[in-house]
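Numbering (the UniProt record's numbering), first residue to last: 1 to 464. We put the beta carbon where it would ideally sit given N, CA and C, even for glycine. Written out below as structure tokens is the structure these notes cover.
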């Protein structure tokens, strides 16, 4: 509740700060705003659940945990976005303002207890991301990405709204509690094909937001075309909010688990196949991370397929581990691609990382740890994230999907290790990349947390 109010006010203040003569005040102000929002998020920890906005928003420990991941990710992303101030054509006040407003939408998605609240959250988040994707107005690739994202996002929103309409027609309410009660009645013999159709259409709209196959076609082009800082935002915060909303929705309709679990299972397998196989053929590191994001959506869908008691903690832990590793990877990419630009355009190919360990050992180490975590190698947070998800599927008895996931994780090792090999074992330029001190601190912090949760995952489990 508190973060929604604070971020709304802070977003407006940020826009007004854009009228100041100096842009240098913007980044410290935004970081302060995010710290305040993050601190206010935990005021209600352990005291809920609380219901706000006429029973439309639910705040419990699960909501606060996801909010914490989103706000922490936003703080780290904003902290490495200092390049806005160096670009005379950029409008940092608008960018930061949209980022803060989009966080309001993400938090609404995470805590929704009413389908209208879910729709409002999705639209606030999506509209902000459409604008930020095309923020590099002089770059045709960015313009193309924004147009694709807007058009395909509009179609997905149409499916989602039609699904909500059918669910309302079947249950007579938009409230999640009423939908849950109706699903329980269906489990006892009452049938409603309108309800089934509505749920499937709503799932299609939400699965588009998390880049699940076959609704993933926008992802590689949009991730590649958007400015890298906003690609980072998209791949972490949007995905976390999307899966939090999916978990709340499917948990509310658990009474008809027999209907939807096979649908989610098939989509999970297809998503893992598309993501991992697609990533192996990419020559661009940034585009590879887009397919990597698709594959990780598949792993998270396994936890939703199982939906056992440990699934909740597994999704939260995996979201945090994935966000930390992704921020580290994109953070290094922004530095390297800018330093080794080709004809004024960032060089995002694997070859740009050749010899990175000799130029800047710290960046090479941060990149290596993030790749190892995304690959699920032991002693990293990513390993335990996958372990918890695979365990939840095994407890449900869905062994076959766990076997497929393990095989796909093995494929992932190939493309994650490509950039590590380039950094440590290939010859490249010997120019040292200059990194701002605060930028270094954020990368080191993300890497430290990735290793800490890899060595002691129980620390996080006790927190939630």
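From residue 468 to residue 236, what does the alpha carbon distance come to, in whole angstroms? With the chain represented from 1 up to 464, any question about residue 468 goes unanswered, as that position is not in the structure.
For residue 51, does the three-state DSSP call read helix, strand or coil? Taking the chain shown and counting its residues from 1, the one referred to as residue 51 is at position 51. Of the three classes helix, strand and coil, the one that applies to residue 51 here is strand, per DSSP.
Residue 410 versus residue 188 - alpha carbon distance: For the purposes of this step, residue 410 is identified with residue 410 of the chain shown, where counting begins at 1. For the purposes of this step, residue 188 is identified with residue 188 of the chain shown, where counting begins at 1. Straight-line Cα distance between these residues: approximately 42 Å.
Pull up the distance between the alpha-carbon of residue 42 and that of residue 422, whole angstroms please. Translated into positions along the chain shown, residue 42 becomes position 42. Translated into positions along the chain shown, residue 422 becomes position 422. The straight-line gap from Cα to Cα measures roughly 42 Å.
Beta-carbon spacing of residue 74, residue 98 below 8 Å: Along the chain shown, one-based indexing puts residue 74 at 74. Along the chain shown, one-based indexing puts residue 98 at 98. No; because the gap between Cβ atoms is not below 8 Å, this pair is not in contact.
Does the segment 289–303 come close enough to the segment 422–441 to have 3 or more Cβ pairs within less than 8 Å? no
Between which two residues does the beta strand (DSSP E) containing residue 59 stretch? Taking the first residue of the chain shown as 1, we reach residue 59 at position 59. Where residue 59 is concerned, the enclosing beta strand (DSSP E) stretches over 57–59.
Could you tell me the distance, in whole angstroms, from the CA atom of residue 253 to the CA atom of residue 308? The sequence position of residue 253 within the chain shown is 253, counting from 1. The sequence position of residue 308 within the chain shown is 308, counting from 1. Between residue 253 and residue 308, the C-alpha separation is close to 14 Å.
According to DSSP, is residue 19 helix, strand or coil? Translated into positions along the chain shown, residue 19 becomes position 19. It is coil, neither helix nor strand.
For the alpha helix (DSSP H) containing residue 248, name the first residue and the last one. Position 248 of the chain shown, counting from 1, holds the residue named residue 248. Residues 239–252.
Could you check the C-alpha separation between residue 233 and residue 126 for me, to the nearest Å? Indexing the chain shown from 1 puts residue 233 at position 233. Indexing the chain shown from 1 puts residue 126 at position 126. Residue 233 and residue 126: Cα-Cα distance of roughly 12 Å.
With a threshold of 6 Å on Cβ separation, who are the neighbours of residue 354 within its own chain once the five nearest residues in sequence on each side are excluded? If you number the chain shown from 1, residue 354 lands on position 354. Contacts found: 422, 426 and 428.
Identity of the residue in 158, 95 and 141 nearest residue 129 by Cα: Against the chain shown, residue 129 aligns to sequence position 129. Nearest C-alpha to residue 129: 95.
At which residues does the alpha helix (DSSP H) containing residue 168 begin and terminate? The residue you call residue 168 lines up with position 168 of the chain shown. Where residue 168 is concerned, the enclosing alpha helix (DSSP H) stretches over 140–171.
Can you tell me whether residue 359 is buried or exposed, with buried defined as 16 or more other CB within 10 angstroms of its CB? Counting from 1 along the chain shown, the entry for residue 359 is found at position 359. With 16 or more Cβ atoms within 10 Å of its Cβ, residue 359 is classed as buried.
Among 316, 33 and 401, which has the Cα closest to the Cα of residue 381? Mapped onto the chain shown, residue 381 falls at position 381. With distances taken between Cα atoms, residue 381 lies closest to 316.
Looking only at DSSP bridge pairs, what is residue 114 linked to? Residue mapping note: residue 114 aligns to position 114 of the chain shown, counting from 1. According to DSSP, which records beta bridges pairwise, residue 114 is partnered with 175.
Which class does residue 13 belong to by DSSP, given the choice of helix, strand or coil? Indexing the chain shown from 1 puts residue 13 at position 13. Of the three classes helix, strand and coil, the one that applies to residue 13 here is helix, per DSSP.
Is it the case that the segment 267–275 contacts the segment 200–217, given that we only count it when at least three CB pairs across the two stretches are under 8 Å? yes
Could you work out which residue in 168, 294 and 229 is closest to residue 218 when comparing CA atoms only? Against the chain shown, residue 218 aligns to sequence position 218. The candidate whose alpha carbon is nearest that of residue 218 is 294.
Span of the alpha helix (DSSP H) holding residue 393? For this step, residue 393 is matched to residue 393 along the chain shown. Per DSSP, residue 393 belongs to the alpha helix (DSSP H) from 381–396.
Helix, strand or coil at residue 349 [DSSP, three-state]: Taking the first residue of the chain shown as position 1, residue 349 is located at position 349. Residue 349: strand per DSSP, three-state reduction.
Candidates 171, 201 and 449, of which the one nearest residue 190 by Cα: Working through the chain shown from its first residue, we reach residue 190 at position 190. Comparing Cα-Cα distances from residue 190 to each of 171, 201 and 449, the minimum goes to 171.
What is the C-beta distance between residue 206 and residue 242, in whole angstroms, given that I count them as a contact (C-beta under 8 Å)? Looking up residue 206 in the chain shown gives position 206. Looking up residue 242 in the chain shown gives position 242. Rounded, the Cβ-Cβ distance is 6 Å, consistent with contact.
Out of 151, 4, 199 and 239, point me to the one whose CA is closest to residue 36's CA. Stepping through the chain shown from its first residue, residue 36 is reached at position 36. Comparing Cα-Cα distances from residue 36 to each of 151, 4, 199 and 239, the minimum goes to 4.
Local conformation of residue 433 per DSSP, three classes: Start at 1 with the first residue of the chain shown, and residue 433 comes out as number 433. Note: residue 433 maps to coil in three-state DSSP.
My output table needs one value for residue 413: the three-state DSSP class, helix, strand or coil. Within the chain shown, the letter at position 413 stands for residue 413. Looking at residue 413 - three-state DSSP - the assignment turns out to be helix.
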